[in-house]
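What follows is a short report on a single structure.
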Ligand SMILES: NC(=O)c1ccc[n+]([C@@H]2O[C@H](COP(=O)([O-])OP(=O)(O)OC[C@H]3O[C@@H](n4cnc5c(N)ncnc54)[C@H](OP(=O)(O)O)[C@@H]3O)[C@@H](O)[C@H]2O)c1
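Residue numbers (this note's numbering): 41 to 266.
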């Protein structure tokens, strides 16, 4: 049985990842901040729910220790925040910026380094991270969203470096754009629902290899320019 570990698995894309992998017979290690409030997650079969705030680095280290000896085929860094809405020029909430960077950039890196031994011990050996096209310079034709865009651009840089550094452990690191998805973050005007996004993303993950490690991919598998 293959094992996937997912952060922020109580709602949105994270919950859908947990649902789909569990339905396919994977063992799911689903992490979220408040397991007691995660009824849908707790109801899934093949799913072990662990409390984890990804910005609590000591807790991440402790969970990695608790799970030492567990092989994790796919680690999905999914948890993320948008930050304050409407951060347009002259009304930017600079005070909120560091927390977004901690959640979206530093936490996925700390998670990845902490669980690299678990992933390296598995058969499939993949770390997949939910970024966003909003972190792409090429795609930025509308400006604004300074905080979120910069966090996802930095996340891309971090994951690209990680792909090189984890070469020696034969871990493939892929960076994902889920599309504009109707979740709490994506809002009701998104273009697709979570099941469509996640089934595409799972296919992209299944195709991870040393050849495409360090790449940035749309949910339909198309490479995205940085
Ligand atoms: N939806 C889109 O259109 C879209 C587009 C591009 C990229 N993405 C990316 O895809 C990922 C998932 O997005 P989504 O649409 O599913 O967002 P969402 O519905 O807002 O869900 C975000 C998830 O992240 C969790 N989270 C936030 N901070 C956390 C922390 N410190 N520790 C643990 N969990 C934390 C939330 O947990 P709580 O319930 O505890 O807050 C929640 O489970 C994010 O990285 C997002 O940036 C989404």
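Where is the CB? At the ideal position from N, CA and C, for every residue including glycine. Just so you know, these numbers come straight off a predicted model, no measurement behind them.
Could you spell out the range, first to last residue, of the beta strand (DSSP E) harbouring residue i?
{"i": "residue 82", "result": "Segment 79-82 is the alpha helix (DSSP H) holding residue 82; no beta strand (DSSP E) there."}
{"i": "residue 236", "result": "Unbroken run through residue 236 is the alpha helix (DSSP H), 234-246; no beta strand (DSSP E)."}
{"i": "residue 115", "result": "114-117"}
How long is the line joining the alpha carbons of residue i and residue j, rounded to whole angstroms?
{"i": "residue 245", "j": "residue 109", "result": "23 Å"}
{"i": "residue 103", "j": "residue 154", "result": "9 Å"}
{"i": "residue 42", "j": "residue 66", "result": "5 Å"}
{"i": "residue 172", "j": "residue 253", "result": "17 Å"}
{"i": "residue 145", "j": "residue 209", "result": "22 Å"}
{"i": "residue 202", "j": "residue 213", "result": "7 Å"}
{"i": "residue 71", "j": "residue 221", "result": "21 Å"}
{"i": "residue 113", "j": "residue 225", "result": "27 Å"}
{"i": "residue 121", "j": "residue 140", "result": "6 Å"}
{"i": "residue 193", "j": "residue 87", "result": "32 Å"}
{"i": "residue 105", "j": "residue 152", "result": "13 Å"}
{"i": "residue 83", "j": "residue 242", "result": "22 Å"}
{"i": "residue 60", "j": "residue 89", "result": "15 Å"}
{"i": "residue 54", "j": "residue 75", "result": "13 Å"}
{"i": "residue 228", "j": "residue 150", "result": "32 Å"}
{"i": "residue 180", "j": "residue 189", "result": "9 Å"}
{"i": "residue 124", "j": "residue 249", "result": "36 Å"}
{"i": "residue 107", "j": "residue 159", "result": "11 Å"}
{"i": "residue 182", "j": "residue 126", "result": "13 Å"}
{"i": "residue 223", "j": "residue 233", "result": "8 Å"}
{"i": "residue 204", "j": "residue 138", "result": "26 Å"}
Counting along the chain, where does the alpha helix (DSSP H) carrying residue i start and finish?
{"i": "residue 12", "result": "With the chain covering only 41 through 266, there is no way to say anything about residue 12."}
{"i": "residue 214", "result": "Careful: residue 214 lies outside any alpha helix (DSSP H), inside the beta strand (DSSP E) at 212-217."}
{"i": "residue 134", "result": "Note, residue 134: premise wrong, no alpha helix (DSSP H); not H, not E."}
{"i": "residue 155", "result": "147-160"}
{"i": "residue 44", "result": "Segment 43-46 is the beta strand (DSSP E) holding residue 44; no alpha helix (DSSP H) there."}
{"i": "residue 170", "result": "Not the alpha helix (DSSP H): residue 170 falls in the beta strand (DSSP E), residues 166-170."}
{"i": "residue 49", "result": "It is not in any alpha helix (DSSP H) - residue 49 carries neither H nor E in the DSSP assignment."}
Less than 8 Å between the CB atoms is what I'm expecting for residue i and residue j, so what's the real figure, rounded?
{"i": "residue 187", "j": "residue 136", "result": "7 Å"}
{"i": "residue 95", "j": "residue 168", "result": "Going by Cβ atoms, the distance from residue 95 to residue 168 rounds to 20 Å, so no, they are not a contact pair."}
{"i": "residue 235", "j": "residue 80", "result": "Their Cβ separation, rounded to whole angstroms, is 14 Å, which puts residue 235 and residue 80 out of contact at 8 Å."}
{"i": "residue 239", "j": "residue 219", "result": "With 8 Å as the limit, residue 239 and residue 219 do not qualify as a contact, their Cβ atoms being about 11 Å apart."}
{"i": "residue 58", "j": "residue 46", "result": "6 Å"}
{"i": "residue 44", "j": "residue 116", "result": "6 Å"}
{"i": "residue 258", "j": "residue 217", "result": "5 Å"}
{"i": "residue 196", "j": "residue 256", "result": "6 Å"}
{"i": "residue 128", "j": "residue 184", "result": "5 Å"}
According to the Cβ coordinates, are residue i and residue j closer than 8 Å?
{"i": "residue 119", "j": "residue 101", "result": "no"}
{"i": "residue 132", "j": "residue 165", "result": "no"}
{"i": "residue 161", "j": "residue 85", "result": "no"}
{"i": "residue 178", "j": "residue 260", "result": "no"}
{"i": "residue 99", "j": "residue 92", "result": "yes"}
{"i": "residue 231", "j": "residue 156", "result": "no"}
For the stretch 42-57 and the stretch 70-88, state whether three or more C-beta atom pairs, one from each stretch, are separated by less than 8 Å.
-> yes
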